[in-house]
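Enquirer:
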Amino acid sequence: MSKQYQAPRGTLDVLPEVQPWWDAVLDAARATAALFGYERIETPMFEDASLFTRGVGEVTDIVQKEMYVFKDRGGQDLALRPEGTAPVCRAYLEHGMHNLPQPVRLWYVMPNFRYDRPQAGRYREHHQFGVEVIGEEGAAVDAEVIELLWRLYERLGLSGLTLHINSIGDRNCRPAYLETLRAYYADKLDRVCEDCRKRYDTNPLRLLDCKNERCHPVIEGAPAFTDYLCDACGEHFSQLRAYLEAVGIGYSINPRLVRGLDYYTRTVFEVQPREEGGQSSIGGGGRYDGLIEELGGRPTPGIGFGTGIERIIINMKRQSAKVADRTGPLVFVVCQAAAARTAGYKLASDLRRAGVAAVVGAADRSLKSQMRHADALGTRYGAIIGERELADGTVALKDLRDGSQEALALDEVAARVKST
RNA sequence: GUGGGCGUAGUGUAGCGGUUAACACGUCAGGUUGUGGCCCUGAAGAUCGUGGGUUCAAAUCCCAUCGUCCACCCCA
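Taking the working numbering, the leading residue of the first sequence gets 61, the next gets one more, and so forth.
1. Does the beta-carbon distance from residue 411 to residue 474 come in below 7 Å?
2. Applying the 10 Å Cβ sphere with the 16-neighbour rule, what's the burial state of residue 201?
3. Using the three-state DSSP reduction, which class does residue 115 fall into: helix, strand or coil?
4. Quick one: residues in its chain with C-beta nearer than 7 Å to the C-beta of residue 207, no 5 flanking neighbours on either side, listed in chain order?
5. Do three or more CB pairs link the segment 175-189 to the segment 381-395 at distances below 8 Å?
6. If I measure Cβ to Cβ from residue 129 and keep anything under 6 Å in the same chain, skipping five residues before and after, which residues do I get?
7. What did DSSP end up calling residue 171 once you bin it into helix, strand or coil?
8. State the start and end residues of the unbroken alpha helix (DSSP H) segment that holds residue 395.
9. If I'm right that residue 339 touches residue 215 with Cβ under 8 Å, what's the distance once you round it to whole angstroms?
10. Helix or strand or just coil, what does DSSP make of residue 444?
11. In terms of alpha-carbon separation, which member of 453, 397 and 360 lies closest to residue 162?
12. Which residue marks the beginning of the alpha helix (DSSP H) containing residue 209, and which one marks its end?
13. Looking only at its own chain, which residues have a Cβ that is under 8 Å from the Cβ of residue 358, when we skip the five neighbours before and after it?
14. CB residue 319 to CB residue 296, shorter than 7 Å?
15. For residue 464, collect the residues of the same chain with a Cβ closer than 8 Å to its Cβ; drop the 5 residues on either side in sequence, then sort them by chain order.
16. If we ignore side chains and look at the alpha-carbon of each, how far apart do residue 298 and residue 116 end up?
17. In terms of residue numbering, what span does the alpha helix (DSSP H) encompassing residue 403 cover?
18. Inspect the beta-carbon positions of residue 442 and residue 434 and report whether they are closer than 7 Å.
19. Just checking my contact of residue 355 with residue 165 at CB under 8 Å: how many whole Å lie between their CB atoms?
20. Considering only residues of the segment 82-152, which uninterrupted alpha helix (DSSP H) runs meet the minimum length of 4 residues and lie entirely inside it, listed in chain order?
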């Protein structure tokens with residue numbers, strides 16, 4: 061007895077019956093990206109592991125605990141892509157996209173891999189729709205990227221979403237803010253959790269988004285970065301807000317929003333659904349003005365987001381969104397007599413070449429069985445070839461919606477069926 | 001990495017110590033002469049996640065293990 065294979069832990073088979081949901085999201089993503097003038101890019105599912113340790117940040121959870129790393133047979137250290145921004149930036153550099161008119165606007169749909177404990181809305185392989193705008197630092201593109209994400213959700217009919225935004229400064233003002241934050245925490249370390257005591261040393265910004273109840277009172281009183289931004293960052297942030305207001309996108313400034321990837325600078329944002337459970341965030345992103353340089357390029361600003369397709373679908377289902385029904389082929393060719401099979405097979409072939417989707421019933425199945433199959437697929441027409449039809453070269457074309465039936469010559473079927 | 005719930009045919013469930021493990025949906029085949037959707041009949045399909053233990057007897061109790069779901073954490 062052989063082993064029962066299962067999909068690896070935390071992975072999902074996307075079966076035919078759920079494809080309409082994926083189509084709805086993918087179609088909307090593609091259309092929204094096109095509307096904003098973004099072009100598609102795809103990058104490999106695995107990369108040099110150091111792309112992520114350098115890009116995403118050595119001390120992030122993604123790199124430290126969640127990245128799938130392996131050596132290939134040539135001894136290369138590789139990693140399954142845990143996120144999309146660093147690879148896209150790598151591609152930008154590798155292909156000299158700085159020679160294109162700036163900024164470059166890109167979008168993608170790609171699987172990401174993170175070794176997490178799976179639960180609702182969290183998988184070891186999940187798919188993201190994302191965009192990146194590289195080569196422009198003005199706040200207008202920050203607003204544009206956020207708006208693109210927001211319009212996607214609107215198009216999909218999602219409601220009850222909250223947009224959280226924050227600014228986490230840049231290399232000019234962040235060191236000073238971090239000192240202020242550390243100074244504030246210095247005499248309160250006995251009141252926060254163990255993780256926070258570590259963060260105090262390794263990654264103080266993350267003190268702000270600690271979910272531990274115990275730390276909340278301390279976080280409440282913490283200085284907000286938005287009060288310590290340098291002039292340039294402060295101006296950038298207020299411009300972003302003005303742009304968002306101009307296009308009617310409501311937001312909430314969340315001083316505790318810092319995000320878990322080290323490359324973020326200035327603008328960070330996240331969209332959260334009203335109902336918790338199945339994860340609190342369906343999409344998020346931010347500006348990464350230092351990333352391209354970190355990866356070996358000239359100083360080049362960038363901003364982008366990623367939004368989880370599985371999480372979008374969870375929320376659509378939760379809100380009883382409607383998507384298109386599955387559609388079967390237009391014609392199901394039923395061969396009543398064994399002798400009719402060749403004619404039936406050829407009819408299906410001719411129909412397809414004429415652009416009509418067609419399926420042939422299985423051999424040795426009764427007429428009734430084949431008709432049942434046609435019905436189960438949601439087919440519009442049954443094209444029946446039996447002894448009589450075979451004898452005079454015709455087809456009995458039955459409209460399964462009203463049950464009407466007519467005799468047609470074999471070569472008339474395509475035109476007849478297309479005319480409806 | 002931490003904690004909790006659950007693992008019975010493809011799916012959803014019933015059975016919770018005692019002879020052939022039940023039902024629904026689905027699948028397949030039929031319901032007389034070549035025709036689907038409703039209805040009717042029949043069939044196939046489960047070593048009750050796996051391993052060990054308790055017992056005369058275990059799907060039913062215990063332990064372990066794996067899987068899964070949910071929460072924490074993290075994030076999409």
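Ideal placement from N, C-alpha and C gives every residue a C-beta, glycine not left out.
Given the structure is predicted, the values throughout are model-derived calculations rather than measurements.
Expert: Walking through what the data contain:
1. Residue 411 is a Cβ neighbour of residue 474, given a cutoff of 7 Å.
2. Residue 201 comes out buried.
3. In this structure, residue 115 counts as helix in the three-state DSSP scheme.
4. Result list for residue 207: 307 and 309, in chain order.
5. Because the criterion of three Cβ pairs below 8 Å is not met, the segment 175-189 and the segment 381-395 do not touch.
6. The beta carbon of residue 129 lies closer than 6 Å to those of 109 and 139 in the same chain, with the five residues before and after it left out.
7. Three-state result, residue 171: strand.
8. Not the alpha helix (DSSP H): residue 395 falls in the beta strand (DSSP E), residues 391-395.
9. The beta-carbon separation of residue 339 and residue 215, rounded to 21 Å, does not stay under the 8 Å limit for a contact.
10. In the structure shown, residue 444 falls within a strand segment according to DSSP collapsed to helix, strand and coil.
11. For the residues 453, 397 and 360, the minimum Cα distance to residue 162 belongs to 360.
12. 199-215 is the extent of the alpha helix (DSSP H) around residue 209.
13. The beta carbon of residue 358 sits closer than 8 Å to those of 158 and 352, all from its chain and outside the five residues before and after it, given in chain order.
14. Not closer than 7 Å, so no.
15. Here the set comprises 458.
16. If I take the Cα positions, the gap works out to 27 Å.
17. Taken as a continuous stretch (DSSP letters only), the alpha helix (DSSP H) holding residue 403 covers 401-413.
18. For residue 442 and residue 434, yes; Cβs fall inside 7 Å.
19. By a beta-carbon distance limit of 8 Å, residue 355 does not contact residue 165. Their separation comes to about 19 Å.
20. The qualifying runs are 109-115.
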